[in-house]
Every structure is written in C-alpha cells, then in structure tokens.
Amino acid sequence: DHQLAFVRGYAAATTSAEQVRALLDDGLPGLDVDTDLRWTFVTALARLGAADEADIAAELERDNTISGRERAAAARAIRPTAEAKEAAWQAAVVDESTPNETRRQTASAFQVSGQGDVLEPYVQRYLEMAESVIEDKGVWIGQVALVYLFPLANPAPSTLDAVDAWLGSTEASAAAKRYVSEGRDDLARALRARAPR
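Letter by letter, the sequence shown follows residues 1295 to 1491 in the working numbering.
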C-alpha cells in the first residue's frame, strides 16, 4: 500500500513533530492507524524530542504486549537526551537481564542522525566496550552491541580517526575487530559520499 509506505517513510524522516502528532491523533482518510503504525508515530515523536516517558508509557498501556514493550524500549532509546542515551546504553550493553529482542530494538534505535551532540561521548565508550564485550557478555550481546551501536549515524572524520587508531592498537578478539572493521568501512563510505566533489 503506497499510502502506508509513504506515511512510514515520512515519519522516519520528518522534522515536524506537529505533523506526526496530527497523523497519530487524526490519521488520514483511508489510512488505518493500527497498533504498529501508532508505535511508528510515537517513535518518530520521541526521535524529535516531542514524546516523553509519559507519552511512551501511555502507548505501552494501550499495547501491553511483548512487542509493545520492545517498541517502547526503542522509543525510549531514540530520544535525543543524554539521560535517554545512558539508559539505552545500560539496557543494550550492561544489563544482562534485558530480553534479547528488547536489547536489539534498544541498540538499533540508539544511533540517530542529527543527534551528534548527545552521541559524541559514545564514540570512545563504544571503542572501550569493543575491547572485551564478547568475552564479558557473550557472543550474542557482543554482536548486537558492536553492530548496532557503532557510531555511524553522524559521520565525522574524527570518528574515523578514532576507529582507525583503535583498530591499529587493539588486542580485542578477531570477531570484535571484524564487526568494528565493517562499521569502519561503512563510516568511510558515508564520509566519501558527503565529501565535496
């Protein structure tokens, strides 16, 4: 359905919280705003800093399912605040009681384009974590952390320099180095694409 695809794409890219709020509250003619689409809108509002914990909790009350808890975790992680990012980091990397899919949803919502200021401290934290996360937390948690938390959303030459320095000096496992190298290649491509021609 073209309308649904357009609305999802719009919600993921827009900077207009007012428009997303209108879609959440009023929908569009012919558009069924179901539970999944409501979460898409709440997550978009959270990304824009226009949905707080109370908004996310209210949506979770409407959809108090395993899937709802996973979507709420992603909405919390995507918020552009230092507190939200710290809580997401703890859930994705530190807290071993975080359910697997919740951990993945949290980690995948962590890195957001346009949130460079709040994410900048996590470049170094990521590299420190990469040294031993697989040994400390196991292969699955390590993979989720290394893949989804890689600092790619806000490409900067300083990030590439830090990653290159880490790769040149680390004693991390071969698996950790592979995940970081893959992220590094994506980062280098993003920087090349942004370079003036």
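The C-beta atom is built at its ideal place from N, Cα and C for all residues, glycine as well.
Every unbroken stretch of the alpha helix (DSSP H) spanning 4 or more residues and falling wholly within the segment 1400-1456 is given here in chain order: 1410-1413, 1415-1424, 1427-1431, 1433-1442. At least 8 Å separates the beta-carbon of ALA1466 from that of GLU1414.
Residue state for LEU1317 is assigned as helix, using DSSP reduced to three classes. Scanning its chain for C-beta atoms nearer than 6 Å, with the 5 sequence neighbours on each side dropped, one finds no residue around GLU1347.
Taking ALA1459 as reference, the option from GLU1422, VAL1438, LEU1446 with the minimal CA-CA separation is GLU1422. Counted as a single uninterrupted DSSP element, the alpha helix (DSSP H) harbouring VAL1474 occupies residues 1468-1488. One Cα belongs to ALA1307, the other to TRP1333, and the distance between them is close to 15 Å.
In terms of Cα proximity to GLY1324, the closest of LEU1318, GLY1343, GLN1297 is GLN1297. Exclusion of the five residues before and after ALA1340 leaves ALA1369, ILE1372, ARG1373 as the residues of its chain whose Cβ lies within less than 6 Å of its Cβ. Contact annotation, LEU1446 with ALA1484: C-beta distance approximately 7 Å; criterion of less than 8 Å satisfied. Rounded to the nearest whole angstrom, the CA to CA distance from ARG1315 to GLU1355 is 18 Å.
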